[in-house]
Amino acid sequence: MSADKILVLNSTGKVGRNVCRALVEAGYEVYGTTRSHKNTATTTGVQSVVCNYTLRADLDRAFAQTGAKKVFVITDYFAAAKKNADLEFEQGRAAIDAAKAAGVQHLIFMSVADAEFFDEHVKHVHAKVALEKYLHSAGVPFSILRPCAFFENLDDAANWNPLKKGVVKFLSLQNCKYCATYDIGRAAVIQLKDPDTWLGKSLDVIGWQGDLSEVAKALAKVSGVPVKAKLAMPIFLRRLFLKDLHHMFLYYEEQQGPRGTPEAFKKILPDALSAEDWFRFHGHYSNGEKIAANV
Ligand SMILES: NC(=O)c1ccc[n+]([C@@H]2O[C@H](COP(=O)([O-])OP(=O)(O)OC[C@H]3O[C@@H](n4cnc5c(N)ncnc54)[C@H](OP(=O)(O)O)[C@@H]3O)[C@@H](O)[C@H]2O)c1
Numbered sequence: 533m534s535a536d537k538i539l540v541l542n543s544t545g546k547v548g549r550n551v552c553r554a555l556v557e558a559g560y561e562v563y564g565t566t567r568s569h570k571n572t573a574t575t576t577g578v579q580s581v582v583c584n585y586t587l588r589a590d591l592d593r594a595f596a597q598t599g600a601k602k603v604f605v606i607t608d609y610f611a612a613a614k615k616n617a618d619l620e621f622e623q624g625r626a627a628i629d630a631a632k633a634a635g636v637q638h639l640i641f642m643s644v645a646d647a648e649f650f651d652e653h654v655k656h657v658h659a660k661v662a663l664e665k666y667l668h669s670a671g672v673p674f675s676i677l678r679p680c681a682f683f684e685n686l687d688d689a690a691n692w693n694p695l696k697k698g699v700v701k702f703l704s705l706q707n708c709k710y711c712a713t714y715d716i717g718r719a720a721v722i723q724l725k726d727p728d729t730w731l732g733k734s735l736d737v738i739g740w741q742g743d744l745s746e747v748a749k750a751l752a753k754v755s756g757v758p759v760k761a762k763l764a765m766p767i768f769l770r771r772l773f774l775k776d777l778h779h780m781f782l783y784y785e786e787q788q789g790p791r792g793t794p795e796a797f798k799k800i801l802p803d804a805l806s807a808e809d810w811f812r813f814h815g816h817y818s819n820g821e822k823i824a825a826n827v
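Residue numbers are given in my numbering: position 277 of the sequence shown equals residue 809, and the series is strictly consecutive.
Written out as structure tokens, the structure reads:
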């Protein structure tokens, strides 16, 4: 039945892979976009659709080819939009307009928790705020997910932060709110299965909070190896070279943002992953070695 088909945009990224996994586990027929012709979708049970998710013509073809009437929309300021918020907005708008033209019955848009509360230097959230607004008048049934920092940032070799045995690094040592991208997928399932509750609504995805020493303790518990907590770079370099992210972290550090809590999210998803759960779920260091010695 086409109603149970779902198209996931950018399905090979940190979010897409685990959103696909959660949707497959929930019984959906999952189609995932990738620009690659080599069928690179790494999630078991996902059918790859060759599509550049930033191009309207590709999106129209993907909807026609799959017959999906549900879609998970991701936009990306840093890679796909090349650090241009206007371009990210146009890419997101193309996805929303393509979904409307295809008669999509439920679009899930991934935004960012508290996107409207960061200062003006946090440019990677500008398009998210504008796209949330656009969705309200676009004429396609939608729900919004607003995740906080991903646990996946703790093992992100592409951004010079591979997870290695005995050390965990992040851009802040202070208290931070985290979520697993898998829980973004599980939250999407909750919204898709209960449109009466979730159409037109937003949900903050916040699974756990703690400072980096608590993250290190969680990894030590799972790995059985002592773990040091370290800054991925000194704060003065963060301020100089990562202005956008620096100001995002200032909102976390100085204003304890985002405002949502793990307690609130767990009322919707009671078994949201903690740091310890996430290290078990993730399972391996960046070099492929298993984290837990006894599995
Ligand atoms: N990191 C966080 O803590 C955090 C928290 C909240 C929200 N977010 C949001 O999450 C989004 C990023 O998602 P993600 O981390 O899943 O992304 P990601 O892992 O960086 O996505 C990587 C994929 O993007 C595709 N891609 C790369 N360059 C592209 C281009 N020029 N055109 C089209 N596709 C391209 C590639 O797929 P193919 O090669 O297969 O096509 C690649 O596999 C952003 O909007 C960010 O604001 C992040």
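Using N, Cα and C, we set each Cβ at its ideal position, and we do this for glycine too. Every value quoted in this text rests on a predicted model; they were computed, and no experiment measured them.
Only residues of its own chain outside the window of five on either side were considered, and among them Lys-655, His-658, Ala-659 have a CB closer than 6 Å to the CB of Ala-617, listed in chain order. Contact between Leu-677 and Ser-643 holds, with the beta-carbon distance rounding to 7 Å and staying under 8 Å. When distances are taken from the beta-carbon of Thr-565 to the heavy atoms of ligand 1, the shortest one is below 8 Å.
A distance below 9 Å separates the beta carbons of Ala-670 and Lys-632.
For Ala-611, the CB falls within less than 8 Å of some heavy atom of ligand 1. For Gln-579, the uninterrupted beta strand (DSSP E) segment begins and ends at 579-582. For the pair Thr-598 and Val-562, the Cα-to-Cα distance works out to about 9 Å. Here DSSP, grouped into helix, strand and coil, assigns Ser-818 to coil.
Contact between Val-578 and Gly-564 holds, with the beta-carbon distance rounding to 5 Å and staying under 8 Å. Residue Cys-552 holds the alpha-carbon nearest to the alpha-carbon of Thr-576 among Cys-583, Phe-683, Ala-720, Cys-552. Apart from sequence neighbours up to five positions away, the residues of its chain that approach Ala-752 with a beta-carbon distance below 7 Å are Pro-758, Val-759, ordered along the chain.
For Ala-690, the shortest separation between its Cβ and any heavy atom of ligand 1 lies below 8 Å. The segment 539-563 is shown to contain whole alpha helix (DSSP H) runs of 4 or more residues at 546-557, in chain order.
If you ignore the 5 residues before and after Lys-798, its C-beta comes within less than 7 Å of the C-beta of Ala-804, all in its own chain and listed in chain order.
Less than 9 Å divides the Cβ of Leu-686 from the Cβ of Lys-701.
Spanning the alpha carbons of Gln-637 and Ala-627 requires a straight line of approximately 14 Å.
Here Trp-730 is buried: its Cβ has 16 or more other Cβ atoms, across all protein chains shown, within 10 Å. About 7 Å separates the beta carbon of His-779 from that of Phe-650, a gap short enough to meet the 8 Å contact definition. For Met-642, the enclosing beta strand (DSSP E) stretches over residues 638-642.
For Gly-717, no beta strand (DSSP E) encloses it; the enclosing alpha helix (DSSP H) starts and ends at 713-725. DSSP, reduced to helix, strand and coil, places Tyr-710 within a strand of the structure shown. Remark: the C-beta of Ser-568 is in contact range of ligand 1, defined as less than 8 Å to any heavy atom. Residue range 658-670 is occupied by the alpha helix (DSSP H) that includes Ser-669.
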